[in-house]
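Q: Residue numbers (our numbering): -13 to 858.
Glycine included, C-beta positions come from ideal geometry on N, C-alpha and C.
Here it is, the structure, as structure tokens.
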Amino acid sequence: MKLLNHLYQNYDELERFCTLHDLEREKSVLIQLFGSDQSNETLYRIRSEICSLMPHASLIATTSGGNIDHGMIVDSHVTLSFSIFERTDVRAVGYKSQNLKTLIDDLAENYVKDDTKLLIVFANMFRLDSALFMDMLARRFPNCNVAGGNSGNDFPFMHCEVFSTDVDDCDVVVAALSSIALEVRTEHLLNIQTIGQEMEVTKASGNVVYEINHQSPLALYAHYLGDDVAENILKFWNEFGLIFKIGDIDVARAVVSFDKESGSITFAGGISEGTSVKFGYANIEHIEKLNHQILSRQFNHKKEAIYVYSCGARRQILGKYYKDELSILDQIAPTTGFMTYGEFFHDAHTCRNALLNMTTTIAVLSENPLNDLLTINPINREKNQQEIAIKALTTLVTKTSEDLDRNINYLEQFKNAIKEASIFSITDDKGIIQDVNKNFEIISGYSREELIGSPHNIIRSPDTPKEVFAQMWQMIQCGMIWKGLLKNRRKNGEHYYVVTQITPIYNYDGSFKEYVSIRIDVTELEEYKLALKYDLDTTSKNFEEHRHYAAQYEEAINSTTAIIKTDTENLITSVNEKFCLLSGFETKELIGRNCEAFRHEKHRQEGICKQIHAQLLQKKTVHKKMTNIAKNGDEYVTENFFYPVSDLPGNVIETIQIMHDVTEIVNLNKEIIDTQREIVTTMGMIGETRSLETGLHVKRVAEYSYLLAKLIGLSEEDATLLKEASPMHDIGKVGIPDHILNKPGRITPEEFDLIKTHAEIGYELLKHSQREILKASAVVAYTHHERWDGKGYPRGLIAEEIPIYGRITAVADVFDALGHDRIYKAAWPLEKILELFREERGKQFDPTMIDLFFEHLDQFLAIRDRMQDREV
-13 MKLLNHLYQN YDELERFCTL HDLEREKSVL IQLFGSDQSN ETLYRIRSEI CSLMPHASLI
47 ATTSGGNIDH GMIVDSHVTL SFSIFERTDV RAVGYKSQNL KTLIDDLAEN YVKDDTKLLI
107 VFANMFRLDS ALFMDMLARR FPNCNVAGGN SGNDFPFMHC EVFSTDVDDC DVVVAALSSI
167 ALEVRTEHLL NIQTIGQEME VTKASGNVVY EINHQSPLAL YAHYLGDDVA ENILKFWNEF
227 GLIFKIGDID VARAVVSFDK ESGSITFAGG ISEGTSVKFG YANIEHIEKL NHQILSRQFN
287 HKKEAIYVYS CGARRQILGK YYKDELSILD QIAPTTGFMT YGEFFHDAHT CRNALLNMTT
347 TIAVLSENPL NDLLTINPIN REKNQQEIAI KALTTLVTKT SEDLDRNINY LEQFKNAIKE
407 ASIFSITDDK GIIQDVNKNF EIISGYSREE LIGSPHNIIR SPDTPKEVFA QMWQMIQCGM
467 IWKGLLKNRR KNGEHYYVVT QITPIYNYDG SFKEYVSIRI DVTELEEYKL ALKYDLDTTS
527 KNFEEHRHYA AQYEEAINST TAIIKTDTEN LITSVNEKFC LLSGFETKEL IGRNCEAFRH
587 EKHRQEGICK QIHAQLLQKK TVHKKMTNIA KNGDEYVTEN FFYPVSDLPG NVIETIQIMH
647 DVTEIVNLNK EIIDTQREIV TTMGMIGETR SLETGLHVKR VAEYSYLLAK LIGLSEEDAT
707 LLKEASPMHD IGKVGIPDHI LNKPGRITPE EFDLIKTHAE IGYELLKHSQ REILKASAVV
767 AYTHHERWDG KGYPRGLIAE EIPIYGRITA VADVFDALGH DRIYKAAWPL EKILELFREE
827 RGKQFDPTMI DLFFEHLDQF LAIRDRMQDR EV
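See below:
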């Protein structure tokens, strides 16, 4: 690609420029028109001239607060930027008076493709919620770069103009660049230092902030920056903006206007309630240094073009240094762009878009990789004494602020740790509760609402002597810390014990601020002390009795439960007699062996033993049913409970495995399930036999259903369950009279209505069962005649309202029924069946099912050929 800029003088000069560069012959050209301090009539006239010279080019245009042309700033002119592409499709569009959803839908349908690399967006901030638009673009096109900005002018903050080739006075214009070859990278430069403490926006709506730290923003500006700044805030609108983060992106907001009566401030972009903000200050040397470092690190080779969309406030902040910033960018590639009222930025790491202020955003483009190595030369300027003094003062404030932030961060963590680990409250000098943490609510039984504003004696126990509280108040009112054990009373009247420390807190000037109380719950310990005293009195006479009971408990456990102990390497260290009887091994054959050796091969292949071992080392108790191999080779199944045993420091030193033999139960359950499967298949065949159809129909439907279930992504367990349940799909036919069910000729509408009741009859027969197979059979019987378009029966379900088992069986049933003779019809040829399936895709059948059916048709035909009726 190639970037050419033209400073418009008149039509003749424009025509010569186009002829010189042979632009009318180029097939893919994007023209960006930037108008600084120009009338709308002039801008639209120039557009007409451009369109007459290059009718096939795509054009987007905006008013600006200054044009950017090859590292220079151009005011009071029109700059035409021509991006000439070799392998990139360019399409531009303008939108006016459309809602954002309609606008996004149109972009998705007609402009944004799979290979769209960049959307350039110019918006009229007075007509479009550009922040919301950016968010909607990111949600619809998360991987597409976005650049551009709100149209600008020379800061009267009045109506701006954006337009496209064929739409005037737009809300927004968009150019989409689509190409496999095009490489695009978006970056932003802010580098504004934050100063002072972190604050919270406590009340805001859109761009208007009403409260910060529960104070009016104007009062906060006056407090931290002085009355001169607060009273002339619009003069300093770009000097002391607010800085916050959206994800990993530093975002600045400059002051646009204020309301003196309410103290609210309107910013050039939204700030949500709850956002943490800090004051920002533009340290010029800091910005220059970081600009050079960032760009040198990011760009090692030349690029073909850079689109620069930069905030007009940044130009005013940096002054003469702003040109240096543009000059650095122009070393990377030819630049073009304009001064905005807010920049659009896409963060490729988080796939989010943001509306920024006070930044320089860039979109770096190349169609062809350039091998020219790049060394970005810093711009050095000699600074005067005042600049050096301001830099020194800024550094002092910054370092002090950083130290303060670290201390505040530490204190906040410390305070949160105390609140998390203890029972915490704050009271005033009268003992009235001002704040409590969640632990205080839990132990006292009172809610926060009940506690705040109440005297602290709300939890006082009458058992605690009054002298204790008299001493406490005497000490804390003298500035001393009081410590002691208190017995308190919960809301429900129960008592609890807390070790309490009450500390008086004072303001910087020495005046009293509050009392902070920190408590530790020792109720259990106090109650244990009482119980222990009683137990010690009876220990000697009860010891022998307890030991006698323990011996009986141990005998009972050993006679009914198999027990193994293993070390941290999974080696057996001890077994009881029950395990020896169960496994067939003697104790000496077991000690020192890895218990994994006695597990079924399937557990070793699945890595189950290693997984259990890892969980035990993490001090987790594990419950697992496992198949084991006895000495004689027989299999037996046990319900295993694995318990990790730790030493006093908390290190796992061994594992106790408690095993219950459930082999008989497992075998009986398997026998029951096998019987269910046989009953389901047999009943399904009986249902088909009543309608004079072969029992192989239900078996083929079962096989087709299993195959389709696996293709659609169901698990092996679910696919097998459907295979076992689907033979019952027409069991309801047992309730249909034979003379209708086996009628050879055309049936009447009344007879067909009666036949349709077989779906509900089948469901009613099966729905009360708690067995998984019969529950699944009920679903299949009830729903396999529903249609994707909602015209099926018995309930007229639509699309995915139909359970997936019903959708799968519907395809399998129709495919087999049409391909075989029935009393009322002859078998259809395969091509006719396939034609029906194509026609009914998305009508009778789930379209995804039909697509999978055709993709794997050979597998379905193999089942059909293997299970022909003649094999009965």
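For residue 626, is the classification buried or exposed, using 16 other Cβ atoms within 10 angstroms of its Cβ as the cut-off for buried?
A: Locating residue 626 in the sequence shown gives position 640, counting from the first residue. When all chains shown are included, residue 626 counts as buried.
Q: Buried or exposed for residue 795, going by 16 or more other Cβ atoms inside 10 Å?
A: Start at 1 with the first residue of the sequence shown, and residue 795 comes out as number 809. Buried.
Q: Round the Cβ separation of residue 557 and residue 579 to the nearest angstrom and send it over; I've been treating them as touching at under 8 Å.
A: Translated into positions along the sequence shown, residue 557 becomes position 571. Translated into positions along the sequence shown, residue 579 becomes position 593. About 7 Å separates the two Cβ atoms, so the contact holds.
Q: Taking only the alpha-carbon atoms, compute the straight-line gap between residue 291 and residue -9 and give it to the nearest angstrom.
A: Here residue 291 is taken as the residue at index 305 of the sequence shown, counted from 1. Here residue -9 is taken as the residue at index 5 of the sequence shown, counted from 1. The alpha-carbon atoms of residue 291 and residue -9 are separated by roughly 11 Å.
Q: Can you give the Cα-Cα distance for residue 712 and residue 767, rounded to whole angstroms?
A: Here residue 712 is taken as the residue at index 726 of the sequence shown, counted from 1. Here residue 767 is taken as the residue at index 781 of the sequence shown, counted from 1. Computed Cα separation, rounded: 8 Å.
Q: On the DSSP bridge assignment, give the partners of residue 487 in chain order.
A: The sequence position of residue 487 within the sequence shown is 501, counting from 1. DSSP output for residue 487 lists 469, 504 as bridge partner(s).
Q: Entirely within the segment 254 to 291 and at least 3 residues each: give me those beta strand (DSSP E) ranges in chain order.
A: You should have 262 to 267.
Q: In terms of alpha-carbon separation, which member of 413, 451, 453 lies closest to residue 503?
A: Here residue 503 refers to the residue found at position 517 when the sequence shown is read from its first residue. Of the candidates 413, 451, 453, the one whose C-alpha sits nearest the C-alpha of residue 503 is 413.
Q: With residue 281 and residue 362 assumed to form a contact (beta carbons below 8 Å), what rounded beta-carbon distance in angstroms separates them?
A: Locating residue 281 in the sequence shown gives position 295, counting from the first residue. Locating residue 362 in the sequence shown gives position 376, counting from the first residue. About 6 Å; that satisfies the 8 Å criterion.
Q: Could you name the residues of the same chain whose beta carbon sits closer than 7 Å to that of residue 573, not counting the 5 residues immediately before and after it, in chain order?
A: For the purposes of this step, residue 573 is taken as the residue at position 587 of the sequence shown. The answer, listed in chain order, is 561, 566.
Q: Helix, strand or coil for residue 566? Go by DSSP, reduced to three states.
A: Sequence index remark: in the sequence shown, residue 566 carries index 580 (1-based). Reduced to three states, the DSSP call for residue 566 is helix.
Q: Run through DSSP, which three-state label would residue 580 get?
A: Here the question's residue 580 lines up with position 594 in the sequence shown. Three-state result, residue 580: strand.
Q: Given residue 151, which residues of its chain have a CB within under 6 Å of its CB, disregarding the five upstream and five downstream residues?
A: What you label residue 151 is simply residue 165 of the sequence shown in a count that begins at 1. If we look at residue 151 and ignore the five residues flanking it on each side, its Cβ neighbours are 45.
Q: The beta strand (DSSP E) that contains residue 172, what's its start and end?
A: On the sequence shown, position 186 is the one that residue 172 refers to. Note, residue 172: beta strand (DSSP E), 169 to 175.
Q: Say the cut is 7 Å; is the CB of residue 436 nearer than that to a heavy atom of the ligand ATP?
A: The model depicted lacks the ligand ATP and carries no ligand whatsoever.
Q: Look up residue 348 in the DSSP assignment and give the residues it is bridged to.
A: Position 362 of the sequence shown, counted from the start, is the residue given in the question as residue 348. Answer is 173, 294.
Q: What span of residues does the alpha helix (DSSP H) with residue 426 cover, start to end?
A: On the sequence shown, position 440 is the one that residue 426 refers to. Unbroken alpha helix (DSSP H) run through residue 426: 424 to 430.
Q: Counting beta carbon pairs with one atom in the segment 118 to 131 and one in the segment 181 to 198, are three or more of them shorter than 8 Å?
A: Cβ pair count under 8 Å is below three, so no.
Q: For residue 195, which residues in the same chain have their Cβ closer than 7 Å to its Cβ, ignoring the five residues on either side in sequence?
A: For the purposes of this step, residue 195 is taken as residue 209 along the sequence shown, with counting starting at 1. Same-chain partners within the cutoff: 187, 203, 250, 251, 253, 257.
Q: Which same chain residues, not among the five before or five after residue 169, have their C-beta less than 6 Å away from its C-beta?
A: Sequence index remark: in the sequence shown, residue 169 carries index 183 (1-based). Closer than 6 Å at the Cβ level, and outside the excluded window around residue 169, lie 352.
Q: Starting from the C-beta of residue 61, find all residues in its chain whose C-beta is less than 6 Å away, skip the five residues before and the five after it, and write them out in chain order.
A: The sequence position of residue 61 within the sequence shown is 75, counting from 1. Counting only Cβ-Cβ distances below 6 Å, and skipping sequence neighbours, we find 22, 52.
Q: Comparing alpha-carbon positions, which option in 800, 35, 200 lies nearest residue 262?
A: Here residue 262 refers to the residue found at position 276 when the sequence shown is read from its first residue. The residue with the shortest Cα to Cα distance from residue 262 is 200.
Q: Compute the Euclidean distance between the alpha carbons of residue 475 and residue 440, then round it to the nearest angstrom.
A: As a first step, residue 475 is located in the sequence shown; it is residue number 489 there, counting from the start. As a first step, residue 440 is located in the sequence shown; it is residue number 454 there, counting from the start. In a straight line, the C-alpha of residue 475 is about 15 Å away from that of residue 440.
Q: Cβ atoms of residue 295 and residue 135: under 8 Å apart, would you say?
A: As a working note, residue 135 is residue 149 in the sequence shown. As a working note, residue 295 is residue 309 in the sequence shown. Contact flag set, yes.
Q: In chain order, what residues of the same chain have a beta carbon less than 7 Å from the beta carbon of residue 861, not counting five sequence neighbours either side?
A: No answer is possible for residue 861: it lies beyond the span of the chain, which begins at -13 and ends at 858.
Q: Restricting to Cα atoms, I'd like to know which of 56, 108, 74, 77 is closest to residue 49.
A: Position 63 of the sequence shown, counted from the first residue, corresponds to residue 49. Measuring from the Cα of residue 49, the nearest candidate turns out to be 108.
Q: When DSSP builds the beta bridges, which residues end up paired with residue 245?
A: Indexing the sequence shown from 1 puts residue 245 at position 259. The partner list for residue 245 (beta bridge, DSSP) reads 250.
Q: Could you spell out the range, first to last residue, of the alpha helix (DSSP H) harbouring residue 110?
A: Within the sequence shown, numbered from 1, the residue matching residue 110 stands at position 124. Segment: none, residue 110 is in no alpha helix (DSSP H) and carries neither H nor E.
Q: How long is the line joining the alpha carbons of residue 597 and residue 642, rounded to whole angstroms?
A: The sequence position of residue 597 within the sequence shown is 611, counting from 1. The sequence position of residue 642 within the sequence shown is 656, counting from 1. Going from the Cα of residue 597 to the Cα of residue 642 covers about 16 Å.
Q: On the DSSP bridge list, what partners appear for residue 630?
A: Residue mapping note: residue 630 aligns to position 644 of the sequence shown, counting from 1. Looking at the DSSP assignment, residue 630 forms a beta bridge with 641.
Q: Could you compute how far the alpha carbon of residue 683 sits from the alpha carbon of residue 808?
A: For the purposes of this step, residue 683 is taken as the residue at position 697 of the sequence shown. For the purposes of this step, residue 808 is taken as the residue at position 822 of the sequence shown. Between residue 683 and residue 808, the C-alpha separation is close to 11 Å.
Q: In this structure, does DSSP put residue 441 in helix, strand or coil?
A: Along the sequence shown, one-based indexing puts residue 441 at 455. Correct three-state label for residue 441: strand.
Q: Roughly how many angstroms lie between the CA atoms of residue 207 and residue 213, to the nearest whole one?
A: Translated into the one-based positions of the sequence shown, residue 207 becomes position 221. Translated into the one-based positions of the sequence shown, residue 213 becomes position 227. Going from the Cα of residue 207 to the Cα of residue 213 covers about 8 Å.
Q: Is DSSP giving residue 625 helix, strand or coil here?
A: Working through the sequence shown from its first residue, we reach residue 625 at position 639. Reduced to three states, the DSSP call for residue 625 is strand.
Q: Could you give the C-beta distance for residue 36 and residue 17, rounded to a whole number, given that I count them as a contact under 8 Å?
A: The sequence position of residue 36 within the sequence shown is 50, counting from 1. The sequence position of residue 17 within the sequence shown is 31, counting from 1. Rounded, the Cβ-Cβ distance is 6 Å, consistent with contact.
Q: Where in the segment 46 to 74 do unbroken runs of the beta strand (DSSP E), each at least 3 residues long, occur, reported from the N-terminal end onward?
A: The qualifying runs are 53 to 55, 58 to 60, 64 to 70.
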